[in-house]
Amino acid sequence: MTILMCVLLSFLVICAVAVSFSKKLLNSVLIFMSYSLIMSVIWMLLESPDLAITEAAVGAGITSVLFFVTLNRIHSMFKDASGKKKEVKEDEEKKSVQ
Numbered sequence: 003m004t005i006l007m008c009v010l011l012s013f014l015v016i017c018a019v020a021v022s023f024s025k026k027l028l029n030s031v032l033i034f035m036s037y038s039l040i041m042s043v044i045w046m047l048l049e050s051p052d053l054a055i056t057e058a059a060v061g062a063g064i065t066s067v068l069f070f071v072t073l074n075r076i077h078s079m080f081k082d083a084s085g086k087k088k089e090v091k092e093d094e095e096k097k098s099v100q
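Each number in the working numbering comes from the position in the sequence shown (counting from 1) with 2 added on.
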């Protein structure tokens, strides 16, 4: 095994552990994307370019975009919910004053 392969495999293990212990979802998505890119390079070193292209396109590309869209929707839902709660509190205060 070459030194490059050992380094890439150790980064792969570090990424896998970091994703499971990450507390922020955005960090988890970014680490997952780097995991897929490292795995793509490993497939190239193992002389399997078809798997490397598939891993890069699906793992780092499409899946990461879907995760980012999902995170964006989750954050917009929480912003809407918090905005509605503030409006409800303001309406209750107005009713109590009248």
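Quick reminder that beta carbons are idealized off the backbone N, C-alpha and C, glycines included. Source: prediction; values computed, not measured.
Taking the C-alpha atoms as reference points, what is the distance between residue i and residue j?
i: S50; j: F80; result: 43 Å
i: L10; j: I44; result: 7 Å
i: M3; j: A20; result: 25 Å
i: D52; j: I64; result: 17 Å
i: F70; j: K26; result: 13 Å
Using 8 Å for Cβ pairs, my map puts residue i next to residue j. What's the rounded Cβ distance?
i: S36; j: C17; result: 6 Å
i: S38; j: A62; result: 4 Å
i: A59; j: M46; result: 13 Å between Cβ atoms; not a contact.
State buried or exposed for residue i, treating a residue as buried only when at least 16 other CB atoms are found within 10 Å of its CB.
i: I33; result: buried
i: I40; result: buried
i: A78; result: According to the sequence shown, residue 78 is Ser rather than Ala. By the 10 Å Cβ count, S78 comes out exposed.
i: S22; result: exposed
i: I5; result: exposed
i: E89; result: For E89, the predicted structure reports a pLDDT of 49, less than 50, and the residue's modelled location is therefore unreliable. A value from the coordinates is still provided. Exposed: under 16 other Cβ atoms inside 10 Å.
i: S12; result: exposed
Using a Cβ-Cβ distance under 8 Å, would residue i count as near chain E?
i: V9; result: In summary, chain E is missing from the structure at hand, where a single protein chain is found.
Between the options, which lies nearest to residue i when the distance is taken from Cα to Cα?
i: T72; options: I55, T56, V31; result: V31
i: S66; options: F13, V15, N29, L14; result: N29
i: E57; options: L14, L27, S42; result: S42
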